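Trainee: Dropping the structure in here first, questions after.
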Amino acid sequence: MKIGIYPGSFDPVTIGHRNIIRRAAGIFDRLIVCVMVNAAKNPMFTLEERVDFLRRVTADLPNVEVDAFDGLLAEYARAKGNCVIVKGLRAGSDFEYEFQMALINRKINPGLDTMFLTAEHQYTYLSSSTVKELGEYDVDLSDFLPEQIISDFKKRIATIRQGGKRQ
Ligand code: PNS
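Those letters in the sequence shown? Residues 727 to 893, per my numbering, in order.
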């Protein structure tokens, strides 16, 4: 059985991520969406919250499971066995970073392949960072975030506005 691992920060999961998850779930027997730490990012939601959001958003996909891991992706993949990493590519600007990550992961775990799915054109502009910025304004978020998480996302933005913690 071939396992796909779709890693990311998912802070929070967007409809662009959901699109990649659905397509990858159609390719692999089993897809693990794994919330991981990106050392360059300061997340708004805890790992547990991001896992909870993803579980709600993927509840209708029987071969998708959601996990979290705070170590190296290459080691996570080694522990899972026969798997391929899946990443979404939005634009050329993603490519250089993703290419480097794929090579680093393969260096640590020889034979580990990374497969890239191109984003649907209507999602190429979309990122968790832009959604967090939009959240500061009175914008309808249904074109950006899955409906299952919009209210929790807005609550967190309101808490931060009132001087509360990011997570
Ligand atoms: O959604 P993101 O932030 O682009 O995802 C990046 C992520 C979390 C997949 C990447 O930072 C990652 O693989 N983190 C785990 C630690 C790791 O293996 N880093 C790569 C070697 S430097």
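Heads up, the beta-carbon is just placed ideally off N, CA and C, and yes, glycines get one too. Here the structure is a predicted model, which means the values were calculated and not measured.
So the alpha helix (DSSP H) T885 belongs to, where does it begin and stop?
Mentor: Position 159 of the sequence shown, counting from 1, holds the residue named residue 885. Note, T885: alpha helix (DSSP H), E873 to R887.
Trainee: List, from N- to C-terminal side, the beta strand (DSSP E) runs of 3 residues or more that fit wholly inside the stretch 736-779.
Mentor: Complete beta strand (DSSP E) runs here, min 3: 756-762.
Trainee: Under the assumption that M762 contacts L815 (Cβ atoms under 8 Å), give the Cβ distance between them as a whole number of angstroms.
Mentor: Locating residue 762 in the sequence shown gives position 36, where the first residue counts as 1. Locating residue 815 in the sequence shown gives position 89, where the first residue counts as 1. M762 to L815, Cβ: 18 Å. No contact.
Trainee: Assign K813 to one of three DSSP states: helix, strand, or coil.
Mentor: For the purposes of this step, residue 813 is taken as residue 87 along the sequence shown, with counting starting at 1. Three-state DSSP puts K813 in a strand.
Trainee: Taking buried to mean at least 16 other C-beta atoms within 10 Å of its own C-beta, is L829 buried or exposed?
Mentor: For the purposes of this step, residue 829 is taken as the residue at position 103 of the sequence shown. The residue is exposed, with fewer than 16 neighbouring Cβ atoms inside 10 Å.
Trainee: Can you tell me whether Y802 is buried or exposed? The criterion is at least 16 other CB atoms within 10 Å of its CB, across all chains shown.
Mentor: Numbered from its first residue, the sequence shown carries residue 802 at position 76. Buried: at least 16 other Cβ atoms inside 10 Å.
Trainee: By the three-class DSSP mapping on this structure, what secondary structure does L867 have?
Mentor: Within the sequence shown, the letter at position 141 stands for residue 867. L867 falls in the helix class under three-state DSSP.
Trainee: Use the C-beta contact count for A766: other C-beta atoms within 10 angstroms, 16 or more gives buried, fewer gives exposed.
Mentor: On the sequence shown, residue 766 is found 40 positions in, with the first residue counted as 1. A766 should be labelled exposed.
Trainee: Do you know offhand how far R782's Cα is from Y823's?
Mentor: For the purposes of this step, residue 782 is identified with residue 56 of the sequence shown, where counting begins at 1. For the purposes of this step, residue 823 is identified with residue 97 of the sequence shown, where counting begins at 1. Roughly 29 Å between the two C-alpha positions.
Trainee: Below 8 Å on the Cβ atoms is my contact criterion, and I expect T840 with K813 to pass it. Report the Cβ-Cβ distance as a whole number of Å.
Mentor: Locating residue 840 in the sequence shown gives position 114, where the first residue counts as 1. Locating residue 813 in the sequence shown gives position 87, where the first residue counts as 1. So it is a contact: roughly 6 Å between Cβ atoms.
Trainee: Check E791 in the structure and name its three-state DSSP category.
Mentor: Locating residue 791 in the sequence shown gives position 65, counting from the first residue. Strand, per DSSP.
Trainee: According to DSSP, what are the bridge partners of M841?
Mentor: Here residue 841 is taken as the residue at index 115 of the sequence shown, counted from 1. Beta-bridge pairing links M841 to V812.
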